[in-house]
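Participant: Here you go, one structure.
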Amino acid sequence: MNRLRITGYEVVVAPAALDRLPELIAEVAPAHRYAIITDENVGSLYGERVRGSLPSGTALLTVPPGEGSKTRERWAELTDRMLESGFGRDSAIVALGGGMIGDLAGFVAATYMRGVPVIQLPTTLLAMVDASAGAKTGVNTPGGKNLVGAFLRPAVVVIDPDVLRTLPRRQLAGGFSEVLKHGVIADAEYFQRIADEGAELLDPNSSHYSGIIQHSIRIKGGIVERDELERGERMVLNFGHTLAHAIEAATGYSLLHGEAVGIGMVLESRCGEEIGVTERGTAARIAQALRSLGLPTGLTGEALAETILNATRTDKKRRSGELRLALPARIGAMSGIEQGWSTAVPEALVEAVLRDPSV
Ligand SMILES: NC(=O)c1ccc[n+]([C@@H]2O[C@H](COP(=O)([O-])OP(=O)(O)OC[C@H]3O[C@@H](n4cnc5c(N)ncnc54)[C@H](O)[C@@H]3O)[C@@H](O)[C@H]2O)c1
Ligand SMILES: [Zn+2]
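Numbered according to my numbering, the sequence shown spans residues 41 to 399.
Put into structure tokens, the structure is as follows:
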């Protein structure tokens with residue numbers, strides 16, 4: 041069993057950890073009652089197993105799968121169900137699922153009776169390497185992704201890589217976008233190793249997962265330790281995400297978050313190359329790594345460019361006439377330390393790159 045620490049809470053990575061929940065949460069999140077929040081897919085695979093291991097009185101609350109459930113309406117419904125079932129201040133929430141559930145259940149926990157503990161049990165690679173640690177929770181609104189939310193440190197994050205065996209391959213591949221992002225941000229060797237191994241990593245029985253998950257959490261955790269509330273350095277974790285969020289919204293959430301992040305990293309790197317802060321060839325290397333994992337590297341269509349640009353206009357990071365992007369200097373290092381870890385990019389340039397990524 042491997043234990044990592046981020047800002048005061050533990051991330052435990054261990055095969056079969058799901059069967060050891062009581063011992064893992066007893067000290068850090070003792071509660072009178074637990075509410076497991078999950079989606080229908082994960083609930084049908086693991087819901088009863090997790091409920092069975094927790095004290096009697098534990099409820100299993102299920103929402104439909106997919107990004108469409110990460111809304112204020114589902115937050116209200118879950119909150120109401122907990123109130124009706126008599127959950128008090130001495131309850132704790134178990135977020136069992138991918139990043140969608142982590143964000144939604146985390147936000148329920150952050151607000152339920154002014155806040156109850158949340159235990160994160162991530163079940164997708166994306167949630168294991170990125171979403172579950174870092175204390176961000178929230179929901180989407182019609183205006184954009186993650187626009188309403190709160191910071192809530194999990195009481196503990198319990199990662200059981202064995203559950204990846206049931207994760208669809210497309211979802212597994214999508215998680216590698218965030219892994220590649222960690223490489224671009226902080227570790228060129230790590231990036232290259234993932235790029236070289238490519239599709240071999242998509243074997244769900246691969247023994248590599250524990251190591252990859254821990255390495256990524258160490259990179260992300262180091263950044264979160266230095267800047268938990270995203271006043272500065274943590275912005276580097278948004279690399280690829282300003283355009284990814286706009287792409288997700290513009291395509292009606294038909295792309296996976298990880299797929300949109302991959303495309304966003306290519307496009308944002310292209311912008312960085314054009315304004316001279318990113319080493320030439322960075323976007324091409326990222327695109328190649330994505331291709332080796334079977335991930336998309338771009339989008340086509342003039343109309344889409346317009347829609348994506350419009351969607352960036354509601355992004356939290358926007359200042360008028362320009363976008364502020366967290367950009368790499370090269371694979372393994374970010375630029376913009378002097379300007380608060382992000383760089384102003386003229387909207388006209390972003391539009392040109394969106395219309396023709398090869399400009
Ligand atoms: N809070 C953060 O710091 C942070 C960081 C990155 C991403 N996110 C958020 O995470 C979300 C995306 O997360 P995701 O990619 O995990 O998607 P997801 O939670 O929607 O899960 C993807 C799909 O996989 C299914 N699934 C999950 N685990 C499974 C398993 N073990 N076996 C079989 N099926 C399984 C789910 O039911 C779902 O259909 C987005 O909303 C994104 O904004 C948050
Ligand atoms: Zn992400």
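Heads up, the beta-carbon is just placed ideally off N, CA and C, and yes, glycines get one too.
(1) For the alpha helix (DSSP H) that contains Val264, what are its first and last residues?
(2) I want to check one thing, is the minimum distance from the CB of Met275 to the heavy atoms of ligand 1 below 8 Å?
(3) Starting from the Cα of Asp219, find the closest Cα among Leu144, Ala167, Glu265, Arg210 and give me that residue.
(4) Between Asp143 and Lys260, which are expected to be in contact by the criterion C-beta below 8 Å, what is the C-beta distance as a whole number of angstroms?
(5) The alpha helix (DSSP H) spanning Gln160 covers which residue range?
(6) Which first and last residues belong to the beta strand (DSSP E) in which Lys176 is found?
(7) Apart from the five residues just before and just after Asp101, which ones in its own chain have a Cβ nearer than 8 Å to its Cβ?
(8) Which whole-angstrom value is the C-beta distance of Ala135 and Ala150, which I expect to be below 8 Å?
(9) How about Asp130: is its Cβ closer than 8 Å to a heavy atom in ligand 2?
(10) What number of angstroms, rounded off, separates the C-alpha of Gly223 from the C-alpha of Leu389?
(11) Can you name, in chain order, every residue of its own chain whose Cβ lies under 7 Å from the Cβ of Ile46, other than the five neighbours on each side?
(12) Return the Cβ separation of Glu268 and Ala190 in integer angstroms, given the expectation that the two are a contact with Cβ distance under 8 Å.
(13) Put Leu192 into one of helix, strand or coil per three-state DSSP.
(14) Quick one: residues in its chain with C-beta nearer than 6 Å to the C-beta of Ser375, no 5 flanking neighbours on either side, listed in chain order?
(15) Three-state secondary structure (DSSP) at Arg129?
(16) With a CB to CB cut of under 7 Å and the five nearest residues on each side skipped, what residues in its chain are close to Thr177?
(17) Hey, could you find the ends of the alpha helix (DSSP H) Leu212 is sitting in?
(18) Report the CB separation of Ala228 from Ala329 in whole angstroms; it is logged as a contact under 8 Å.
(19) Out of Ile133, Asn81, Lys185, which one is the CA nearest neighbour of Glu290?
(20) Between which residues of its own chain and Ser332 is the CB-CB distance below 7 Å, once the five residues before and five after are set aside?
(21) Beta-carbon separation of Ala56 and Asp200 under 9 Å?
(22) Is it buried or exposed, His72, if we count other Cβ atoms within 10 angstroms and call 16 or more buried?
(23) Among Leu394, Val68, Arg271, whose alpha-carbon lies nearest the alpha-carbon of Pro194?
Facilitator: According to the structure shown:
(1) Sequence index remark: in the sequence shown, residue 264 carries index 224 (1-based). Val264 -> alpha helix (DSSP H) spans 249-266.
(2) On the sequence shown, residue 275 is found 235 positions in, with the first residue counted as 1. False, no ligand heavy atom lies under 8 Å from that Cβ.
(3) The count along the sequence shown starts at 1 and reaches residue 219 at position 179. The residue asked about is misnamed: residue 219 is Val in this sequence, not Asp. It is Ala167.
(4) Here residue 143 is taken as the residue at index 103 of the sequence shown, counted from 1. Here residue 260 is taken as the residue at index 220 of the sequence shown, counted from 1. Rounded, the Cβ-Cβ distance is 16 Å, inconsistent with contact.
(5) Numbered from 1 along the sequence shown, position 120 holds the residue referred to as residue 160. Here Gln160 belongs to no alpha helix (DSSP H); instead the beta strand (DSSP E) covers 158-162.
(6) To locate residue 176, count along the sequence shown from 1; it is residue 136. Taken as a continuous stretch (DSSP letters only), the beta strand (DSSP E) holding Lys176 covers 176-181.
(7) In the sequence shown, the residue the question calls residue 101 occupies position 61. Checking the sequence shown, residue 101 turns out to be Leu, not Asp. Closer than 8 Å at the Cβ level, and outside the excluded window around Leu101, lie Ala75, Ile76, Ile77, Thr78, Leu118, Arg121, Met122.
(8) Here residue 135 refers to the residue found at position 95 when the sequence shown is read from its first residue. Here residue 150 refers to the residue found at position 110 when the sequence shown is read from its first residue. Their Cβ separation, rounded to whole angstroms, is 11 Å, which puts Ala135 and Ala150 out of contact at 8 Å.
(9) Translated into the one-based positions of the sequence shown, residue 130 becomes position 90. No - ligand 2 has no heavy atom lying nearer than 8 Å to the Cβ of Asp130.
(10) Mapped onto the sequence shown, residue 223 falls at position 183. Mapped onto the sequence shown, residue 389 falls at position 349. Whole-angstrom Cα-Cα distance: 26 Å.
(11) Mapped onto the sequence shown, residue 46 falls at position 6. Ala173, Gly261, Val264, Glu265, listed in sequence order.
(12) Here residue 268 is taken as the residue at index 228 of the sequence shown, counted from 1. Here residue 190 is taken as the residue at index 150 of the sequence shown, counted from 1. Incorrect: roughly 13 Å between the Cβ atoms, too far for contact.
(13) Position 152 of the sequence shown, counted from the start, is the residue given in the question as residue 192. Here Leu192 sits in coil by DSSP.
(14) Numbered from 1 along the sequence shown, position 335 holds the residue referred to as residue 375. Val317, Leu367, Ala369.
(15) Locating residue 129 in the sequence shown gives position 89, where the first residue counts as 1. Here Arg129 sits in coil by DSSP.
(16) Numbered from 1 along the sequence shown, position 137 holds the residue referred to as residue 177. Closer than 7 Å at Cβ, skipping near neighbours: Asp143, Gly146, Phe147, Ala150, Gly189, Ala190, Leu192.
(17) By 1-based counting over the sequence shown, the position of residue 212 is 172. Segment 209-226, the alpha helix (DSSP H) holding Leu212.
(18) Position 188 of the sequence shown holds residue 228. Position 289 of the sequence shown holds residue 329. Contact doesn't hold; Cβ gap of about 12 Å is too wide.
(19) To locate residue 290, count along the sequence shown from 1; it is residue 250. Correcting the residue identity first, residue 290 is Ala in this sequence and not Glu. Of the listed residues, the one whose Cα sits closest to Ala290 is Lys185.
(20) In the sequence shown, counting from the first residue as 1, residue 332 sits at position 292. Closer than 7 Å at Cβ, skipping near neighbours: Ala235, Gly238, Ala239.
(21) Along the sequence shown, read from residue 1 onward, the residue named residue 56 stands at position 16. Along the sequence shown, read from residue 1 onward, the residue named residue 200 stands at position 160. It is a contact, given that the beta carbons lie within the stated cut-off.
(22) Here residue 72 refers to the residue found at position 32 of the sequence shown. When all chains shown are included, His72 counts as exposed.
(23) Translated into positions along the sequence shown, residue 194 becomes position 154. Per the Cα distances, Val68.
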